[in-house]
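Peer 1:
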Amino acid sequence: MAVDCNIDKPIRAVLFDLDGTLLDTAPDLADALNYVLQLEQRAPLPFEVIRPAVSNGAAGLMQIGFGASL
Numbered sequence: 052m053a054v055d056c057n058i059d060k061p062i063r064a065v066l067f068d069l070d071g072t073l074l075d076t077a078p079d080l081a082d083a084l085n086y087v088l089q090l091e092q093r094a095p096l097p098f099e100v101i102r103p104a105v106s107n108g109a110a111g112l113m114q115i116g117f118g119a120s121l
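Now the structure itself:
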C-alpha cells in the first residue's frame, strides 16, 4: 500500500508506543498470532489467553502460541 505524504513541514519527532500506552494494540497482535496459528493448522487461542503474553513481545507470543522458547 503506497501512501502519498506531502508534508510541508519537517518531521520534528517520531513516537514509538512500545508498551501500549497510546494505542492498545493487543487485539491486533492477538489476531496476528491466531492468523499464524491458522496457517500452521493449529487451534486459535482466546484473547484472554493471549493478552497477558503481549507485553512479552514476539517471544511471549511464540511461547503462548507454539510453546517455543526463544
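Residue numbers (my numbering): 52 to 121.
Yeah, the Cβ is synthetic: ideal placement off N, Cα and C, and Gly gets one too.
(1) Mapping DSSP to helix, strand and coil, what is Phe67?
(2) Within 10 angstroms of the Cβ of Pro73, are there 16 or more other Cβ atoms? Answer buried if so, exposed if not.
(3) Just the C-alpha distance for Pro97 and Leu84, rounded to the nearest angstrom, thanks.
(4) Rounded to whole angstroms, what is the Cα-Cα separation between Leu90 and Arg63?
(5) Look up Asp82 in the DSSP assignment and say whether it is helix, strand or coil.
(6) Does any residue of chain D bring its CB to less than 7 Å from the CB of Pro61?
Peer 2: By the coordinates alone:
(1) Along the sequence shown, one-based indexing puts residue 67 at 16. Coil.
(2) To locate residue 73, count along the sequence shown from 1; it is residue 22. The identity of residue 73 in the sequence shown is Leu, whereas the question assumes Pro. It is exposed - the Cβ of Leu73 has fewer than 16 other Cβ atoms within 10 Å.
(3) In the sequence shown, residue 97 corresponds to position 46, counting from 1. In the sequence shown, residue 84 corresponds to position 33, counting from 1. The alpha-carbon atoms of Pro97 and Leu84 are separated by roughly 11 Å.
(4) Indexing the sequence shown from 1 puts residue 90 at position 39. Indexing the sequence shown from 1 puts residue 63 at position 12. Cα to Cα, the separation comes out at about 40 Å.
(5) Position 31 of the sequence shown holds residue 82. DSSP places Asp82 in helix when its eight states are reduced to three.
(6) In the displayed structure, chain D is absent; only one protein chain is listed.
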